[in-house]
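A.B. asks: In the order they appear, the protein sequences are chains A and B.
The numbering of the first sequence is the working numbering, which starts it at 1 and goes up by one.
The numbering of the second sequence is the working numbering, which starts it at 1001 and goes up by one.
Quick reminder that beta carbons are idealized off the backbone N, C-alpha and C, glycines included.
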Amino acid sequence: MTALVETTRMTGRHLRFFSRQPYFIGIFLVQPVIWLLLFGALFQNVINIPGFAFEGSYLDYLVPGVLVMTALFSCGWAGMSIIEDLDRSIMARFLVTPIHRSAIIAGLNLYEVIALAIQALIIGALALMLGAKFPGGVSGFAVLTLCAMLVGASVSSVSDAMALTLRQRESVIGINTLLTLPLTFLSAAFMPLNLAPSWIATIAAYNPVNWAVEAGRQALTEGPDWSFVLPRIAGLAVLAIVTTAWATFTFRSYQRSI
Amino acid sequence: MVLANDSPAIEARGLVKTYGKDVRALDGLDLTVDRGAIHALLGPNGAGKSTTVKIVTTLSRPDRGTARVLGTDVVKDAEKVRRTIGVVGQNGAVDPEATGRENMMLQGAMYGMGGKQLRIRVDALLAAFGLTEPANRIVKTWSGGQRRKLDVATGLVHEPRVLFLDEPTTGLDPEARSELWAEVRRLNAEGLTILLTTHYLEEADQLAGQVAIIDRGKIVARGAPDELKSALNGDSIVLELADTSAAALNGRLSGALRNVLELSEPVIDGRTVRARVNNGARAVPAVLAALDAEGISVASVTVARPSLDDVYLQHTGRAYVPVTQEVSL
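1) Short of 6 angstroms in beta carbon distance, which residues of its chain neighbour V1273 of chain B, apart from the five on each side in sequence? Order them along the chain.
2) Should L1232 of chain B and R1282 of chain B be called a contact, given that it needs their Cβ atoms to be closer than 8 angstroms?
3) Note down, in chain order, all residues in the segment 1086-1111 of chain B with a beta-carbon under 8 angstroms from any beta-carbon belonging to chain A.
4) Run through the DSSP bridge pairs and tell me what G1223 of chain B is partnered with.
5) Any idea if Q21 of chain A is buried or exposed, counting beta-carbon neighbours within 10 angstroms, 16 or more meaning buried?
6) Alpha carbon to alpha carbon, what distance is there between W246 of chain A and V1152 of chain B?
7) With 7 angstroms as the C-beta to C-beta threshold (strictly closer), list the residues of the segment 241-257 of chain A near chain B in chain order.
8) I'd like the list of long-range same chain contacts for K1049 of chain B, defined as Cβ closer than 7 angstroms, with 5 residues on each side in sequence excluded.
9) Just verifying my parser: in three-state terms, what is the DSSP assignment at F17 of chain A?
10) Given that a residue counts as buried once 16 or more other Cβ atoms are within 10 Å of its Cβ, and exposed if not, what is Y1019 of chain B?
11) Helix, strand or coil, according to DSSP, for H1039 of chain B in the structure here?
12) Since I90 of chain A meets chain B, which of its residues come closer than 8 angstroms, beta carbon to beta carbon?
13) Based on Cα-Cα distance, which residue from B:D1310, B:A1009, B:Q1314 lies nearest to V1081 of chain B?
14) With which residues is Y1019 of chain B paired in a DSSP beta bridge?
15) Identify the continuous beta strand (DSSP E) that holds T1197 of chain B and give its terminal residues.
16) In three-state DSSP terms, what is V30 of chain A?
17) Apart from the five residues just before and just after P1134 of chain B, which ones in its own chain have a Cβ nearer than 7 angstroms to its Cβ?
18) Alpha carbons only, please: which of B:V1094, B:D1173, B:L1163 is nearest the one belonging to K1140 of chain B?
19) Taking any Cβ of chain A, which residues in the segment 1071-1083 of chain B have a Cβ under 8 angstroms from it, in chain order?
20) I think M80 of chain A touches V172 of chain A, with their Cβ atoms under 8 angstroms apart; what is that distance to the nearest whole Å?
21) Please report the distance separating the alpha-carbon of T180 of chain A from that of T243 of chain A.
22) Bridge partners of E1011 of chain B, per DSSP?
23) Residues in its own chain within less than 6 angstroms of T1324 of chain B by CB, not counting five upstream and five downstream?
24) Going along chain A in order, which residues have a C-beta closer than 8 angstroms to the C-beta of K1049 of chain B?
25) Per the DSSP calculation, L1163 of chain B is bridged to which residue(s)?
26) Is the CB-CB distance between A212 of chain A and V68 of chain A below 8 angstroms?
27) For the beta strand (DSSP E) that contains S1236 of chain B, what are its first and last residues?
28) Tell me, to the nearest whole angstrom, how far the beta carbon of A1304 of chain B is from that of R9 of chain A; I am working on the premise that it is less than 8 angstroms.
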């Protein structure tokens, strides 16, 4: 119970910072906007390739992929916040109070996914303006956003753990670059997997980014197959919890090293 | 439990802490801080002050040894220790992007405080430290002195019984420093035990009832500043030599000084020679004559009552270098 209260206090701290400079969110919107506008336009005809099993435009197809990719590179910066707190000794101050270590990680991750949800709304609105159709409606889009948020929570945790272990900005940037594009390309974000080489399809089956993209895309169809969506959401939730626990655990090695 | 109530505020035994293979930050450090004291841990940068504070405040773990705060083990029962201590870190650990009040409210929340009780406490502390006016402004717009006071006020939100101040006045101007000293004395008068680390001899001398001198990860001397000083008999005498033909000079110099009966333990450091004498005023002519006989010319002579400088010199065999700048070799 106290851990939950502490988590919301930590999230509140980050949200207050965000509310003072909301334009920061714009930095993370540049990429998805480029993908939607340019990539979406450039590849609009791939939808006509035989075997591209999707009802709707390529833009419709692309939205879940872009949103989940946004989760990767937006939440991947969570570790920067940890490094700032380490550099300013704010983390040291937190760690000599009785606060639960998990609340420090979970509070930051919760903030990251809230910021991501705001970005999802902006991306969704932009896609609608560009003519995208979401047959699954608001609830479908909410499920897609949830999938992206769960991916975001996992990525935040990985970023947090890297920050606490390596304590260098470069390592956070590195892990971000290392994760974002490969995980996105090894999924159905841009292309159905039946059109991809079989090895990509095999890897994608184990790629949480793919679970999120496919579950979110399914939720956006008319009459989604929930038996397809729910197990993937469950998998993403488990991953988010496990990675958060791992990031919390890295406080131990950090405290041993100082 | 009766025993625990009688235990010292801080008791460290045999603390060892190494970083990597080569850096031995603490080398069997023993420290006792009595309840109600202002206790200074004095030493240059790298002596082990901050490492000691990190371990005793549960931030870091010792490789060996034990530490207790008010009788509670800092490793085995870290959570309990955290509730009784307040820690003010070396470099302002407040969030510069938040307001002063937000910083303090968050600090309270981390101790499970909240609601009206916390708001009243925060307002009272802001008022006590003269920070009511800037309280709702972002901290990065505050002055250095205001920030440092906020650091201290933040460490006091949960009414700790032992307060740790790590280099509290480093980087402060003289006025802000003496204001902070006044705050520290006021808090101590209210019953708070305070351990402060400092590399300012003057700060330890002025503020602390007890001083522990730390050198290379060990406590080399401990006592009240006056005790430590009066344990050194006589006066200190400092000679500045006119020329610096170092190595060749050293032998002759030591020889010359050894002949001056009253003089004890001269320490030669470049062209500066420090020693203690029973009576400074009487020793000077003899010292000068002895050096003159050897053809060593002296640029200046200073005689002073013993200072903590001399205490430091006595216990470490080195002159006190008040750091901040690296010593270039």
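C.D. replies: Once the coordinates are examined:
1) Looking up residue 1273 of chain B in the second sequence gives position 273. L1239, P1266, listed in sequence order.
2) For the purposes of this step, residue 1232 of chain B is taken as the residue at position 232 of the second sequence. For the purposes of this step, residue 1282 of chain B is taken as the residue at position 282 of the second sequence. Note that the C-beta distance between L1232 of chain B and R1282 of chain B is not below 8 angstroms.
3) Taking 8 angstroms as the Cβ-Cβ cut-off against chain A, the residues of the segment 1086-1111 of chain B that qualify are V1087, G1089, Q1090, N1091, G1092, A1093, V1094, D1095, P1096, E1097, A1098, E1102, L1106, Q1107, A1109, M1110, Y1111.
4) One-based indexing of the second sequence puts residue 1223 of chain B at position 223. Residue pairing by DSSP places G1223 of chain B opposite B:V1211 in a beta bridge.
5) Locating residue 21 of chain A in the first sequence gives position 21, counting from the first residue. Taking all protein chains in view, the Cβ of Q21 of chain A is surrounded by fewer than 16 other Cβ atoms within 10 Å, so the residue is classified as exposed.
6) Sequence index remark: in the second sequence, residue 1152 of chain B carries index 152 (1-based). Sequence index remark: in the first sequence, residue 246 of chain A carries index 246 (1-based). Roughly 33 angstroms separates the two Cα atoms.
7) Against chain B - using a Cβ distance shorter than 7 angstroms - the residues of the segment 241-257 of chain A are Q255, R256.
8) Taking the first residue of the second sequence as position 1, residue 1049 of chain B is located at position 49. Contacts found: L1041, G1043, T1197, I1214.
9) Here the question's residue 17 of chain A lines up with position 17 in the first sequence. Taken through DSSP and simplified to helix, strand or coil, F17 of chain A comes out as helix.
10) Along the second sequence, one-based indexing puts residue 1019 of chain B at 19. It is exposed - the Cβ of Y1019 of chain B has fewer than 16 other Cβ atoms within 10 Å.
11) On the second sequence, position 39 is the one that residue 1039 of chain B refers to. DSSP places H1039 of chain B in strand when its eight states are reduced to three.
12) On the first sequence, residue 90 of chain A is found 90 positions in, with the first residue counted as 1. Here the neighbours are A1093, V1094, D1095.
13) Position 81 of the second sequence, counted from the start, is the residue given in the question as residue 1081 of chain B. Closest option to V1081 of chain B, Cα to Cα, is B:A1009.
14) As a first step, residue 1019 of chain B is located in the second sequence; it is residue number 19 there, counting from the start. In the DSSP secondary-structure assignment, Y1019 of chain B is bridged to B:V1023.
15) The residue you call residue 1197 of chain B lines up with position 197 of the second sequence. Taken as a continuous stretch (DSSP letters only), the beta strand (DSSP E) holding T1197 of chain B covers 1193-1198.
16) As a first step, residue 30 of chain A is located in the first sequence; it is residue number 30 there, counting from the start. It is helical.
17) Residue 1134 of chain B sits at position 134 when you count from the first residue of the second sequence. G1100, W1142, Q1146, listed in sequence order.
18) Position 140 of the second sequence, counted from the start, is the residue given in the question as residue 1140 of chain B. Residue B:V1094 is the option with its Cα nearest to K1140 of chain B.
19) Listed by position along the chain: E1079, R1082, R1083.
20) Position 80 of the first sequence, counting from 1, holds the residue named residue 80 of chain A. Position 172 of the first sequence, counting from 1, holds the residue named residue 172 of chain A. About 6 angstroms separates the two Cβ atoms, so the contact holds.
21) Numbered from its first residue, the first sequence carries residue 180 of chain A at position 180. Numbered from its first residue, the first sequence carries residue 243 of chain A at position 243. Going from the Cα of T180 of chain A to the Cα of T243 of chain A covers about 17 angstroms.
22) Here the question's residue 1011 of chain B lines up with position 11 in the second sequence. According to DSSP, which records beta bridges pairwise, E1011 of chain B is partnered with B:T1032, B:R1068.
23) Taking the second sequence and counting its residues from 1, one reaches residue 1324 of chain B at position 324. A caution first: T1324 of chain B carries a pLDDT of 42, below 50, which makes its placement in the model unreliable, though a value can still be read off. Scanning its chain for C-beta atoms nearer than 6 angstroms, with the 5 sequence neighbours on each side dropped, one finds no residue around T1324 of chain B.
24) Start at 1 with the first residue of the second sequence, and residue 1049 of chain B comes out as number 49. Chain A residues near K1049 of chain B: none, gap ~14 angstroms exceeds 8 angstroms.
25) Against the second sequence, residue 1163 of chain B aligns to sequence position 163. Looking at the DSSP output, L1163 of chain B sits in a beta bridge with B:G1086, B:I1194.
26) Taking the first residue of the first sequence as position 1, residue 212 of chain A is located at position 212. Taking the first residue of the first sequence as position 1, residue 68 of chain A is located at position 68. Yes, the Cβ-Cβ distance between A212 of chain A and V68 of chain A is below 8 angstroms.
27) The residue labelled residue 1236 of chain B in the question sits at position 236 within the second sequence. Where S1236 of chain B is concerned, the enclosing beta strand (DSSP E) stretches over 1235-1241.
28) The residue labelled residue 1304 of chain B in the question sits at position 304 within the second sequence. The residue labelled residue 9 of chain A in the question sits at position 9 within the first sequence. That pair is no contact at about 54 angstroms.
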